[in-house]
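Novice:
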Amino acid sequence: MVERPFESLIKEARSISVYDGNNEKTALQPWLVEVNDIILLTNPGPQRAYIFNIIMSKIQGTARQVIQRIMNPNWESMRAALIANFGVTEPYTALVNEIHRILIVEQKVKEFELLNGKRKIYIDKNDIENDYFVTDILRRHLPEKGTVGIHSELSDHEYNIVQLQIVELYSNNRNLKFIKCTSKAIDLINEEQCYGKPRKLVADNEFNMVNVKEFLRQESIEIHFTSPKSHTEKVLKATEFYNTAIHSTINCKPLDVQLGQVDKSKIAQLMQEKKEKWVSYCNKNREQQQNITHDKVYIKNYVNERYKEEPKYRKARGQKTKIFHKGNLILFLLGIITVLLQIKSTLAQPSLQVEEVHSATGLLLIKKGNEKLIRDYKRIYHKIDLRQYELALLELEKNIAARKDYLIKKVVIKNLRDCFAGLVMDLEIRN
12 MVERPFESLI KEARSISVYD GNNEKTALQP WLVEVNDIIL LTNPGPQRAY
62 IFNIIMSKIQ GTARQVIQRI MNPNWESMRA ALIANFGVTE PYTALVNEIH
112 RILIVEQKVK EFELLNGKRK IYIDKNDIEN DYFVTDILRR HLPEKGTVGI
162 HSELSDHEYN IVQLQIVELY SNNRNLKFIK CTSKAIDLIN EEQCYGKPRK
212 LVADNEFNMV NVKEFLRQES IEIHFTSPKS HTEKVLKATE FYNTAIHSTI
262 NCKPLDVQLG QVDKSKIAQL MQEKKEKWVS YCNKNREQQQ NITHDKVYIK
312 NYVNERYKEE PKYRKARGQK TKIFHKGNLI LFLLGIITVL LQIKSTLAQP
362 SLQVEEVHSA TGLLLIKKGN EKLIRDYKRI YHKIDLRQYE LALLELEKNI
412 AARKDYLIKK VVIKNLRDCF AGLVMDLEIR N
């Protein structure tokens, strides 16, 4: 579990709503879940005692009277007492009414109510005593299809009158189904009571108002405003579809895993089996690395590197073939010029100093500004400016022109000098 700063836990505990035993105002189950999460994140000792005192101050009214009867109260005893007096034994999600309802009461305050997308129709004793009142109410407010539950707080005589009216009106309607309810569940104000308060709200600029932001600040809810013409709605829909679709790897929905409806140990085992199957499948078709022992082999000419008339394969030497990439071209040219400078050193030119350095560790320290060509055990360590390379090439070209019997031709030196002139210009442009 991730540890959180004690100051943030205090702030979150103080933002919890007050519970006074009235479930219509503040539902008990989400309130207990929110408090339990804060207490579990708090370290035992003085910090937990401080948080516990803040929670105690949030319990008022009849709930406070129940807590005061407990000797040496702690969180477990308080939680059990609140559930015993104000809670329910069924799962809390079962309290969300999934059907439309007709409530037959002694005296109604209102005739129709829409709660959580479901209709509540009230019929009182005065409506039953009039001939056409019940019929008019049912025709106005009953939906075209669905399930309708009928709960009566009056005697069976009044219930039978309403039942006869329903049979007369909807006996031939197969889209409506009526069932009798012996009791009614506690109504939730909204579905938010099932999950608790959100921690973050994403909205567009239409909700960027002072009163909305002040209300969310008091409820400790973070709000994030999206920019116009953004893809947030599409991303949210795509995320919803992704989380509610059955994945082939875990064989269930990710939302079920998050809500704890699936055993996570079985999911981990399934993922490990899938991984092993995929590795074995890849190894089955994997091409082994070839050990080329021949001197000459055929190398494939790729489509993006060859012309249309060229063959697909070309002859090359297996061990001696080198492919020079663009990033290694500068190092390749520096190596060529280093060899040329070694040749130049044999001509006894005073402009280049050559000395042998023997190092047991293999590390050679060169002072800044001391540009030398150092040779140690057939390894060449050079630190020289590109412009000095160009000057050395010019001198080398003159010396080779004087010695016609030398193996290196003048054309090669000229091409190298032109190449490094362009390289120096390119580096100056980049800098």
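Going letter by letter, the sequence shown gives residues 12 to 442 in my numbering. In this text, a Cβ means the ideal position worked out from N, Cα and C, and glycines have one as well. From a predicted model like this one, the values you see are computed outputs, not experimental measurements.
Which residues mark the beginning and the end of the alpha helix (DSSP H) in which residue 228 is found?
Specialist: Mapped onto the sequence shown, residue 228 falls at position 217. 221-229 is the extent of the alpha helix (DSSP H) around residue 228.
Novice: Whole-angstrom Cβ separation of residue 460 and residue 159, contact assumed at under 8 Å?
Specialist: Beyond the ends of the chain as shown, which are 12 and 442, falls residue 460; an answer cannot be given.
Novice: Residue 136 by DSSP, collapsed to three states: which one?
Specialist: As a working note, residue 136 is residue 125 in the sequence shown. Helix, per DSSP.
Novice: What do you get for residue 133, buried or exposed, if any count of 16 or more other CB atoms within 10 angstroms of its CB means buried?
Specialist: Within the sequence shown, the letter at position 122 stands for residue 133. With 16 or more other CB atoms across the displayed protein chains lying within 10 angstroms of its CB, residue 133 is buried.
Novice: Going by the beta-carbon positions, is the gap between residue 252 and residue 234 smaller than 9 Å?
Specialist: As a first step, residue 252 must be located in the sequence shown, where it is residue number 241. As a first step, residue 234 must be located in the sequence shown, where it is residue number 223. In this structure, residue 234 does not lie closer than 9 Å to residue 252 by Cβ.
Novice: Say whether the segment 281-292 touches the segment 256-266, bearing in mind that this needs 3 or more beta-carbon pairs closer than 8 Å, one atom from each stretch.
Specialist: yes
Novice: Given that a residue counts as buried once 16 or more other Cβ atoms are within 10 Å of its Cβ, and exposed if not, what is residue 229?
Specialist: The count along the sequence shown starts at 1 and reaches residue 229 at position 218. Residue 229 comes out exposed.
Novice: For residue 88 and residue 94, which I take to be in contact (beta-carbon distance under 8 Å), what is that distance rounded to the nearest angstrom?
Specialist: On the sequence shown, position 77 is the one that residue 88 refers to. On the sequence shown, position 83 is the one that residue 94 refers to. The Cβ separation is near 11 Å, so there is no contact.
Novice: Return the first residue and the last residue of the alpha helix (DSSP H) that residue 273 is part of.
Specialist: By 1-based counting over the sequence shown, the position of residue 273 is 262. Where residue 273 is concerned, there is no enclosing alpha helix (DSSP H), given that its DSSP letter is neither H nor E.
Novice: Pop quiz: residue 189 and residue 161 are said to be a contact at Cβ under 8 Å. What is the actual Cβ separation, rounded to whole angstroms?
Specialist: For the purposes of this step, residue 189 is identified with residue 178 of the sequence shown, where counting begins at 1. For the purposes of this step, residue 161 is identified with residue 150 of the sequence shown, where counting begins at 1. That pair is a contact at about 6 Å.
Novice: If I'm right that residue 92 touches residue 78 with Cβ under 8 Å, what's the distance once you round it to whole angstroms?
Specialist: Indexing the sequence shown from 1 puts residue 92 at position 81. Indexing the sequence shown from 1 puts residue 78 at position 67. Sure, about 7 Å apart at Cβ, within 8 Å.
Novice: Would you call the CB atoms of residue 113 and residue 65 closer than 9 Å?
Specialist: Within the sequence shown, numbered from 1, the residue matching residue 113 stands at position 102. Within the sequence shown, numbered from 1, the residue matching residue 65 stands at position 54. No.
Novice: With distances taken Cα to Cα, identify the nearest neighbour of residue 176 among 129, 141, 124.
Specialist: Counting from one through the sequence shown, the residue named residue 176 turns up at place 165. Comparing Cα positions, the closest option is 141.
Novice: Using only the alpha-carbon positions, how far apart do residue 84 and residue 59 sit?
Specialist: Here residue 84 corresponds to residue number 73 of the sequence shown, with the count starting at 1. Here residue 59 corresponds to residue number 48 of the sequence shown, with the count starting at 1. Using only the alpha carbons, I get a separation of about 14 Å.
Novice: Considering only residues of the same chain and omitting the five flanking positions on each side of residue 23, which have a CB-CB separation below 8 Å?
Specialist: Walking along the sequence shown from the start, residue 23 turns up at place 12. Correct list, in chain order: 49, 231.
Novice: For residue 129, decide whether its Cβ has a neighbour in chain C, counting only Cβ atoms nearer than 9 Å.
Specialist: Although the question refers to chain C, the structure presented lacks it and comprises just one protein chain.
Novice: Can you give the Cα-Cα distance for residue 264 and residue 247, rounded to whole angstroms?
Specialist: Along the sequence shown, one-based indexing puts residue 264 at 253. Along the sequence shown, one-based indexing puts residue 247 at 236. The alpha-carbon atoms of residue 264 and residue 247 are separated by roughly 17 Å.
Novice: Throw me the rounded Cβ distance for the residue 268 and residue 278 pair, which I believe falls under 8 Å.
Specialist: Numbered from 1 along the sequence shown, position 257 holds the residue referred to as residue 268. Numbered from 1 along the sequence shown, position 267 holds the residue referred to as residue 278. About 6 Å separates the beta carbon of residue 268 from that of residue 278, a gap short enough to meet the 8 Å contact definition.
Novice: Pull up the distance between the alpha-carbon of residue 294 and that of residue 276, whole angstroms please.
Specialist: Position 283 of the sequence shown, counting from 1, holds the residue named residue 294. Position 265 of the sequence shown, counting from 1, holds the residue named residue 276. When rounded, the distance between both Cα atoms is 27 Å.
Novice: Start and end of the beta strand (DSSP E) containing residue 26?
Specialist: Within the sequence shown, numbered from 1, the residue matching residue 26 stands at position 15. Premise fails: residue 26 is in no beta strand (DSSP E) and is neither H nor E.
Novice: Among residues of its own chain, excluding the 5 on either side of residue 47, which ones have a beta-carbon nearer than 8 Å to its beta-carbon?
Specialist: Against the sequence shown, residue 47 aligns to sequence position 36. Cβ neighbours of residue 47 beyond the five flanking positions: 86, 90.
Novice: Just reading off the beta strand (DSSP E) that residue 162 is part of, what are its end residues?
Specialist: If you number the sequence shown from 1, residue 162 lands on position 151. Note, residue 162: beta strand (DSSP E), 157-163.
Novice: Taking only three categories from DSSP, how would you classify residue 248?
Specialist: Against the sequence shown, residue 248 aligns to sequence position 237. Three-state result, residue 248: helix.
Novice: Do you know how far the Cα of residue 62 is from the Cα of residue 169?
Specialist: By 1-based counting over the sequence shown, the position of residue 169 is 158. By 1-based counting over the sequence shown, the position of residue 62 is 51. Near 54 Å, if we compare the C-alpha coordinates of residue 62 and residue 169.
Novice: My guess is that residue 163 and residue 115 are in contact by the Cβ rule of under 8 Å, so how many angstroms apart are they, rounded?
Specialist: The count along the sequence shown starts at 1 and reaches residue 163 at position 152. The count along the sequence shown starts at 1 and reaches residue 115 at position 104. Right, their Cβ atoms sit about 4 Å apart.
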